[in-house]
Structures are given as structure tokens and as C-alpha cells.
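J.:
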Ligand code: UDP
Ligand code: MG
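Numbering (the working numbering), first residue to last: 623 to 935.
1. Nearest to residue 720 by CA position, among 855, 804, 646, is which residue?
2. When you compare each of 812, 709, 748 to residue 937 by their alpha carbons, which one comes out closest?
3. Kindly list the residues whose CB is nearer than 8 Å to the CB of residue 675, restricted to its own chain and excluding five residues on each side of it in sequence; keep chain order.
4. Just the C-alpha distance for residue 722 and residue 713, rounded to the nearest angstrom, thanks.
5. For residue 822, which of helix, strand or coil comes out of DSSP?
6. Given a cut-off of 8 Å on the beta-carbon distance, is the pair residue 731 and residue 739 in contact?
7. Considering only the alpha carbon of each residue, which of 669, 661, 794 lies closest to residue 918?
8. Taking Cβ to Cβ, would you say residue 694 is nearer than 8 Å to residue 664?
9. Residues in its own chain within less than 7 Å of residue 891 by CB, not counting five upstream and five downstream?
10. Could you name each continuous beta strand (DSSP E) segment of 3 residues or more that falls completely within the stretch 708 to 774, going from the start of the chain to the end?
11. Which value, in whole angstroms, describes the spacing of the CA atoms of residue 832 and residue 634?
12. By the three-class DSSP mapping on this structure, what secondary structure does residue 845 have?
13. Mind reading off the beta-carbon distance from residue 839 to residue 799? Whole number of angstroms is fine, and I expect it under 8 Å.
14. So what's residue 851 in DSSP terms, helix, strand or just coil?
15. Can you tell me the Cβ-Cβ gap for residue 778 and residue 761, rounded? I've got them flagged as a contact below 8 Å.
16. Just tell me which of 667, 745, 725 has its CA closest to the CA of residue 629.
17. Would the beta-carbon of residue 922 fall within 8 Å of that of residue 666?
18. Within the stretch 626 to 693, note down every full alpha helix (DSSP H) run reaching 4 residues or more, in order along the chain.
19. Using the rule of at least 16 other Cβ atoms within 10 Å of the residue's Cβ for burial, across every protein chain shown, is residue 787 buried or exposed?
20. Strictly by DSSP, which residues pair up with residue 816?
21. Residue 913 by DSSP, collapsed to three states: which one?
22. Quick check on residue 642: buried or exposed, where buried means 16 or more other Cβ atoms within 10 Å of its Cβ?
23. Say the cut is 7 Å; is the CB of residue 694 nearer than that to a heavy atom of the ligand UDP?
24. Just reading off the beta strand (DSSP E) that residue 785 is part of, what are its end residues?
25. Alpha carbon to alpha carbon, what distance is there between residue 771 and residue 745?
26. Apply the 10 Å Cβ neighbour rule to residue 658 and answer buried if 16 or more other Cβ atoms are within range, or exposed otherwise.
27. Checking 8 Å against the spacing of the C-beta atoms, do residue 939 and residue 639 come in under that value?
28. Of all the options 802, 792, 715, 660, which has the alpha carbon lying nearest to the alpha carbon of residue 764?
29. Quick one, are the C-beta atoms of residue 660 and residue 706 less than 8 Å apart?
30. Give a single yes or no on whether residue 715 has its beta carbon closer than 7 Å to a heavy atom of the ligand MG.
31. Cβ of residue 651 within 8 Å of Cβ of residue 797?
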């Protein structure tokens with residue numbers, strides 16, 4: 623068993639990957655134990671796989687898992703956790719936005735006895751106001767809605783003790799958001815802070831669609847609160863209708879011309895239909911979730927392995 627495993631999802635990171643190895647390998651040579659770097663190539667269409675293969679041939683501490691297609695960062699992280707054999711496992715991005723030097727701080731905290739160490743973004747450089755705002759809202763909404771005790775502004779840049787890794791791997795749910803699972807499992811956790819630099823090279827892989835998906839996958843499987851929505855809505859509507867009836871009754875009694883009920887008919891119908899479909903839509907989110915769990919498809923499909931054996935998983 624190696625002491626440290628670094629797990630790194632990589633999707634179209636041909637420019638960043640060489641820079642990543644250049645910065646990390648000399649740094650990690652200085653660690654007080656042996657280490658492995660597991661790069662999970664998440665169906666890249668560029669030269670990521672070829673570049674990774676070259677590095678793996680030169681250095682057996684660098685390991686590669688090649689997905690058959692793009693399964694997403696969360697699946698790549700799960701795969702990394704499965705293949706990692708370290709006593710401490712550190713998840714980080716390939717684009718150097720998770721500074722390699724910070725991994726040493728994570729490790730220091732682990733040595734102090736913490737089983738999960740989060741790295742919080744103090745500042746985020748080179749990112750659009752939109753990205754920063756959506757990230758800000760995302761972490762707060764996720765925490766608020768799930769009620770999970772998760773540190774704010776921490777992505778997936780974290781250290782996990784072997785104990786925590788084994789528990790996370792034992793969780794059965796299909797839709798996995800590592801940061802939510804991490805909060806849920808407990809253990810001794812702490813947070814360190816860092817300034818998030820710009821990407822070393824290439825472009826962000828998170829389009830608005832992917833970000834929305836990430837938000838949904840954090841909220842829906844982790845809370846049933848959305849199912850309460852129709853109840854509160856129904857109560858509110860009943861209350862408002864009663865007020866409306868009361869107002870109309872008073873106006874009618876006073877003989878005031880209030881436009882008549884017909885004028886309100888069309889918006890009322892539209893509103894009612896909108897609400898019904900909204901309710902159905904919300905329930906469908908959960909139905910889709912149940913369906914996905916029942917189907918129980920694999921999270922990813924591996925097509926090739928470099929410096930790794932199939933049963934190392
Ligand atoms: N990534 C991945 N699969 C995807 C999208 C992203 O493995 O489908 C990887 C990507 O290569 C990077 C990390 O996940 O190492 C974070 O992605 P990115 O830097 O694009 O996100 P951002 O930092 O902009 O939020
Ligand atoms: Mg990035």
C-alpha cells in the first residue's frame with residue numbers, strides 16, 4: 623500500500639497535463655512516503671490519453687484509467703477513489719487551479735489526526751463574475767437545502783483518510799456528489815484556505831448546463847424538502863383564495879364594481895395549470911432519481927489501464 627494517492631480527473635487537458643506533472647512530481651518527491659498519481663481520463667477527445675500514456679511509460683508511479691467516453695468529473699473521482707491504494711487520498715483538478723503546494727498543507731492536517739481535510743477557496747482568480755456568483759449561490763443553496771454540515775466554498779479538492787475512502791465507496795447511491803457524501807459520512811474534518819489561481823492552460827469544462835446538473839445532483843438526492851413544496855403551495859393558495867372570496871363578498875355587499883369574476887378567469891386558469899405542472903415536474907425529479915437508482919448502471923466504463931491492474935480496484 624502506498625502512503626499517498628493523488629486522484630485527478632482529466633477531460634481534454636492536453637495543455638494542462640504536462641504542466642501538472644512538471645509542478646507536482648518534484649514537489650511530491652519530497653514527501654515522507656511513496657505516492658501514486660492516478661489520472662482518470664474522462665473520455666477526452668484531444669491528446670490527453672497519448673500524453674498520459676507517455677508519462678505512464680516513463681514513471682510507474684503515474685497511473686492512468688481511460689474511460690470509454692465522457693462520464694463526468696464525479697464519476698472520474700469515484701473511479702480514482704476505487705483505484706487509489708493510499709493511506710491518504712487527495713482529489714484535485716488537472717488544471718493546477720488546486721495548487722500542488724496546498725496538498726502539503728492538507729497532508730499536514732491529516733498528520734494532526736484529521737480524517738477529511740477540505741480546501742476552501744478564499745479568492746478565485748481569473749473567473750467571470752457569473753461563475754463566481756453562481757458558485758457563491760451554489761454552495762449556499764446546497765448547504766441550506768440539504769441541511770448537510772458542509773463547509774462553504776469547498777469544491778472537490780480534499781484529502782481523505784483511508785477510513786473515509788472505504789466508507790464513501792460503500793455508499794450505494796447512484797447519483798454521487800462527493801462533497802455531499804463527504805459531509806454526510808462525518809469523521810474528524812477540518813478546513814484549510816487557499817487562493818484559487820487561474821487555470822494553467824485550456825478552458826473550463828463546466829458549461830452552464832453542466833453547472834445546473836451539478837446543482838441538481840447535489841440537491842435532489844440529498845433532501846426531500848422539494849417534496850414539501852406542493853403542500854406549502856397548496857396551503858398558501860387556499861389561504862389566498864379565502865382572502866379573495868372574503869374581499870369579493872365585501873365588495874359585492876357594498877355594491878362596488880370590481881370588474882367581475884370573468885376577467886379573472888383566464889389568468890386564474892393559467893396560473894392553476896402552471897402550478898399543477900410545476901408540482902408534477904418537481905415530483906418527476908424524484909421519480910427520475912428512483913428510476914436511475916433502480917436501473918443501477920455502472921458509474922463508468924474503463925477501456926484501458928496504464929500501470930494499474932484490473933483487480934486493484
Ligand atoms: N473534468 C472531468 N470531466 C468532465 C469535466 C471536467 O474529468 O466532464 C475535470 C477537468 O479536467 C478538471 C476538473 O474536472 O481537472 C475540473 O474541471 P474544470 O477545471 O473545467 O472546472 P472549473 O475549475 O472551471 O470549475
Ligand atoms: Mg478548473
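C-beta atoms are modelled at their ideal positions from N, C-alpha and C, and glycine is treated no differently.
T.: On the basis of the supplied data:
1. 646
2. Residue 937 cannot be examined here, being either before or after the span of the chain that is shown, 623 to 935.
3. 686, 928
4. 11 Å
5. Coil, per DSSP.
6. Yes.
7. 794
8. yes
9. none
10. 710 to 713, 738 to 746
11. 15 Å
12. coil
13. 5 Å
14. Note: residue 851 maps to helix in three-state DSSP.
15. Between residue 761 and residue 778 the Cβ distance is about 12 Å, and since that is not below 8 Å, they are no contact.
16. When only C-alpha atoms are compared, the closest one is 725.
17. no
18. 638 to 651, 670 to 680
19. buried
20. 743
21. Three-state DSSP puts residue 913 in a helix.
22. Buried, by the Cβ-count rule.
23. yes
24. Taken as a continuous stretch (DSSP letters only), residue 785 belongs to no beta strand (DSSP E), being part of the alpha helix (DSSP H) at 784 to 792.
25. 22 Å
26. buried
27. Coverage of the chain is limited to positions 623 through 935, which leaves residue 939 absent and any answer about it impossible.
28. When only C-alpha atoms are compared, the closest one is 802.
29. Cβ distance < 8 Å, so residue 660 and residue 706 count as in contact.
30. yes
31. no
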